[in-house]
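S.K.: Residue numbers 1 to 367, in UniProt numbering, belong to the letters of the sequence shown in order.
After the structure tokens below, expect a handful of questions from me.
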Amino acid sequence: MDIIGLLAEDLAQMELAKRLTVASLTLLVYDWASNIHLEAVYVWGTPWTYGRFLYHLNRICPLIFLGTSLPGIFFYFNRHPPPLNPLPVWGLVLLFHPSPHPSVRTKFLFCRQVVYLFAYGCSISTDIITGVLVLRCWALYSSRYVGDYGALLHASPNHDVFLRMLSIGLICTTTCTLVIANQIMKQTLFLPQLFRGILTGCTVIPPTSMWMALIPTTIFESTLFILTLWKLGTIKKHYGSTLLSRRLTEELTKSYSGIAYFAARVALIIFACIGGSIKTIQIATNASGIVIAVSSVVCSRISFSLYQLNEEQKCDLTTLDLTSNCESCCRPEFVIPMTSIPSSKSDVHACVKSVCTLNDLRADIIT
Numbered sequence: 001m002d003i004i005g006l007l008a009e010d011l012a013q014m015e016l017a018k019r020l021t022v023a024s025l026t027l028l029v030y031d032w033a034s035n036i037h038l039e040a041v042y043v044w045g046t047p048w049t050y051g052r053f054l055y056h057l058n059r060i061c062p063l064i065f066l067g068t069s070l071p072g073i074f075f076y077f078n079r080h081p082p083p084l085n086p087l088p089v090w091g092l093v094l095l096f097h098p099s100p101h102p103s104v105r106t107k108f109l110f111c112r113q114v115v116y117l118f119a120y121g122c123s124i125s126t127d128i129i130t131g132v133l134v135l136r137c138w139a140l141y142s143s144r145y146v147g148d149y150g151a152l153l154h155a156s157p158n159h160d161v162f163l164r165m166l167s168i169g170l171i172c173t174t175t176c177t178l179v180i181a182n183q184i185m186k187q188t189l190f191l192p193q194l195f196r197g198i199l200t201g202c203t204v205i206p207p208t209s210m211w212m213a214l215i216p217t218t219i220f221e222s223t224l225f226i227l228t229l230w231k232l233g234t235i236k237k238h239y240g241s242t243l244l245s246r247r248l249t250e251e252l253t254k255s256y257s258g259i260a261y262f263a264a265r266v267a268l269i270i271f272a273c274i275g276g277s278i279k280t281i282q283i284a285t286n287a288s289g290i291v292i293a294v295s296s297v298v299c300s301r302i303s304f305s306l307y308q309l310n311e312e313q314k315c316d317l318t319t320l321d322l323t324s325n326c327e328s329c330c331r332p333e334f335v336i337p338m339t340s341i342p343s344s345k346s347d348v349h350a351c352v353k354s355v356c357t358l359n360d361l362r363a364d365i366i367t
């Protein structure tokens, strides 16, 4: 295919990417505005924790990186003659035709800065959202088992070990993603604009292997998803329906969260991985930011769900049936890592103290 045909195909993809970018930013802003009351209740004024830190990054980073891509998507047409064009290198045209000979490579500092910021930023945003999913999996596996009156029957001995394993997995995933993204950037070509009177900026020719940057995240998040489903099945088999399992298996239309949100995130990553390997939708998939935007919304809802679950669990422990038998029931209680970063020792100490107080109160009522 000649250069004119390739350019026509790429410009058609740029138009699609433009519409998807507008939809992505609109979705992010709408989600932020519609949930500002929940943010005020659960986030503002609370101590800085791992959960809150990831929540803010998940909110801010996608907006910054999508905003970075706007000029290249919206201003690739030269609407003024070259002498009057105030931003001659702002627009970016992504062409996926075979790379030219290395002798024609040209350095464009501004183009490089924009492309590098968007590429590395999207990689980091993807792994920030993965960190939110780690919180959910951690909440499931860091369970402790309590009786009707909050009596600690036994705590999960692998609480800290599992948290370290998840953290190491997240760090390795982020490192692999950045290393692959760096290799992709080294293979990306920045050329002079081929049609200066028509198009602005420079021509960016990324390699066709862009989808490989999503492989580490796809593997890690699929593993988290499998671990979540397996743990939910184990809890339901031994303890029946619990507060966390009910919340995780809620329908998508009910409240926040649900396992469907988790599945949607994994499906989005797989879609981006596949879409990045298909020539006809490569630009629309990678330049629009639609996957980052939808994933950010999904994970903000997961964050709010964990905050709400933490409050519901506190209310559940303080609402006691003093007439029932203490040993008649055993249920899992979950460490929700949103308002604090709990440790096993501190959890046990707090629970034992609570048990003593509740038992004293029950004895006073009976006598």
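By construction, the Cβ of each residue, glycine as well, lies at the ideal position given by its N, Cα and C atoms.
Everything numeric in this text was worked out from a predicted model, so none of it was measured.
1. Is it right to say ILE290 is buried, meaning 16 or more other beta carbons lie within 10 angstroms of its own, or is it exposed?
2. For ILE36, report the span of its alpha helix (DSSP H) as first-last.
3. Measure the CB-CB distance between PRO206 and THR228 and report whether it falls below 8 Å.
4. Using 8 Å as the threshold, is the C-beta distance between LEU133 and ARG265 below it?
5. THR49 and ASP127: beta carbons closer than 8 Å?
6. Between PRO216 and THR173, how many whole angstroms is the CB-CB distance? I'm expecting something under 8 Å.
7. Using a 10 Å radius around the Cβ and a threshold of 16 neighbouring Cβ atoms, would you call ARG19 buried or exposed?
8. Suppose contacts are defined by Cβ-Cβ distances below 8 Å. Is SER296 in contact with LEU28 by that definition?
9. Relative to the C-alpha of LEU11, which residue among ALA119, SER303, ILE281 and ILE171 is closest?
10. Assign ILE281 to one of three DSSP states: helix, strand, or coil.
11. Short of 8 Å in beta carbon distance, which residues of its chain neighbour TRP211, apart from the five on each side in sequence? Order them along the chain.
12. Inspect the beta-carbon positions of GLY121 and CYS61 and report whether they are closer than 8 Å.
13. On the DSSP bridge assignment, give the partners of LEU189 in chain order.
14. Roughly how many angstroms lie between the CA atoms of ALA40 and LEU268, to the nearest whole one?
15. Any idea what DSSP makes of TRP48, helix, strand or coil?
16. Under 8 Å between the Cβ atoms of LEU38 and PHE304?
17. Using DSSP with H/G/I as helix, E/B as strand and the rest coil, what is SER288?
18. Can you tell which of SER125, SER167, GLY67 and LEU170 has its C-alpha closest to the C-alpha of VAL114?
19. Do ALA293 and SER34 count as a contact pair if the criterion is CB distance below 8 Å?
20. So, helix, strand or coil for ALA17, using DSSP?
21. With hydrogens ignored, establish whether the beta-carbon of SER305 is closer than 7 Å to any heavy atom of the ligand MG.
22. Who are the Cβ neighbours of SER167 in its own chain at under 8 Å, not counting the five residues just before and after it?
23. For TRP138, count neighbouring Cβ atoms within 10 angstroms of its own Cβ and tell me buried if that reaches 16, exposed if not.
24. Look at the alpha carbon of ILE180 and the alpha carbon of LYS186, and state the distance between them as a whole number of angstroms.
25. By the 10 Å Cβ neighbour count, where 16 or more other Cβ atoms means buried, how is ILE64 classified, buried or exposed?
26. Comparing C-alpha positions only, which one of VAL204, ARG59, ALA17 and VAL22 sits nearest to VAL298?
27. How many Å lie between TRP230 and ILE171 at the Cα?
M.R.: Inspection of the coordinates gives the following:
1. Walking along the sequence shown from the start, residue 290 turns up at place 290. Buried, by the Cβ-count rule.
2. Here residue 36 is taken as the residue at index 36 of the sequence shown, counted from 1. Taken as a continuous stretch (DSSP letters only), the alpha helix (DSSP H) holding ILE36 covers 36-42.
3. On the sequence shown, residue 206 is found 206 positions in, with the first residue counted as 1. On the sequence shown, residue 228 is found 228 positions in, with the first residue counted as 1. Going by C-beta atoms, PRO206 is not nearer than 8 Å to THR228.
4. As a first step, residue 133 must be located in the sequence shown, where it is residue number 133. As a first step, residue 265 must be located in the sequence shown, where it is residue number 265. Yes.
5. Locating residue 49 in the sequence shown gives position 49, where the first residue counts as 1. Locating residue 127 in the sequence shown gives position 127, where the first residue counts as 1. Cβ atoms of THR49 and ASP127: not closer than 8 Å.
6. Position 216 of the sequence shown, counted from the first residue, corresponds to residue 216. Position 173 of the sequence shown, counted from the first residue, corresponds to residue 173. Right, their Cβ atoms sit about 5 Å apart.
7. To locate residue 19, count along the sequence shown from 1; it is residue 19. With fewer than 16 Cβ atoms within 10 Å of its Cβ, ARG19 is classed as exposed.
8. Your numbering for residue 296 matches position 296 in the sequence shown. Your numbering for residue 28 matches position 28 in the sequence shown. Cβ distance < 8 Å, so SER296 and LEU28 count as in contact.
9. Residue 11 sits at position 11 when you count from the first residue of the sequence shown. Comparing Cα positions, the closest option is ILE281.
10. The residue given as residue 281 occupies position 281 in the sequence shown. Helix, per DSSP.
11. Stepping through the sequence shown from its first residue, residue 211 is reached at position 211. Here the set comprises ALA272, CYS273, ILE274, GLY275, GLY276 and SER277.
12. What you label residue 121 is simply residue 121 of the sequence shown in a count that begins at 1. What you label residue 61 is simply residue 61 of the sequence shown in a count that begins at 1. Yes, they are a contact pair.
13. As a working mapping, residue 189 is identified with position 189 in the sequence shown. Looking at the DSSP assignment, LEU189 forms a beta bridge with ILE205.
14. As a working note, residue 40 is residue 40 in the sequence shown. As a working note, residue 268 is residue 268 in the sequence shown. Rounded to whole angstroms, ALA40 to LEU268 spans 29 Å at the Cα level.
15. Taking the first residue of the sequence shown as 1, we reach residue 48 at position 48. In the structure shown, TRP48 sits in coil (DSSP, three-state: anything other than H, G, I, E or B).
16. On the sequence shown, position 38 is the one that residue 38 refers to. On the sequence shown, position 304 is the one that residue 304 refers to. Yes.
17. As a position in the sequence shown, residue 288 is number 288, starting the count at 1. DSSP places SER288 in coil when its eight states are reduced to three.
18. Residue numbering aside, residue 114 sits at position 114 when the sequence shown is read from its first letter. For the residues SER125, SER167, GLY67 and LEU170, the minimum Cα distance to VAL114 belongs to GLY67.
19. To locate residue 34, count along the sequence shown from 1; it is residue 34. To locate residue 293, count along the sequence shown from 1; it is residue 293. Contact: no.
20. Taking the first residue of the sequence shown as 1, we reach residue 17 at position 17. DSSP places ALA17 in helix when its eight states are reduced to three.
21. Ligands displayed in this structure: none; no statement on the ligand MG is therefore possible.
22. Looking up residue 167 in the sequence shown gives position 167. Hits under 8 Å: VAL134.
23. Translated into the one-based positions of the sequence shown, residue 138 becomes position 138. Counting Cβ neighbours within 10 Å, TRP138 comes out buried, since at least 16 surround it.
24. Translated into the one-based positions of the sequence shown, residue 180 becomes position 180. Translated into the one-based positions of the sequence shown, residue 186 becomes position 186. Whole-angstrom Cα-Cα distance: 10 Å.
25. Within the sequence shown, residue 64 is the residue found at index 64, counting from 1. Exposed, by the Cβ-count rule.
26. Within the sequence shown, numbered from 1, the residue matching residue 298 stands at position 298. Minimum Cα distance to VAL298 is reached at ARG59.
27. By 1-based counting over the sequence shown, the position of residue 230 is 230. By 1-based counting over the sequence shown, the position of residue 171 is 171. Cα to Cα, the separation comes out at about 23 Å.
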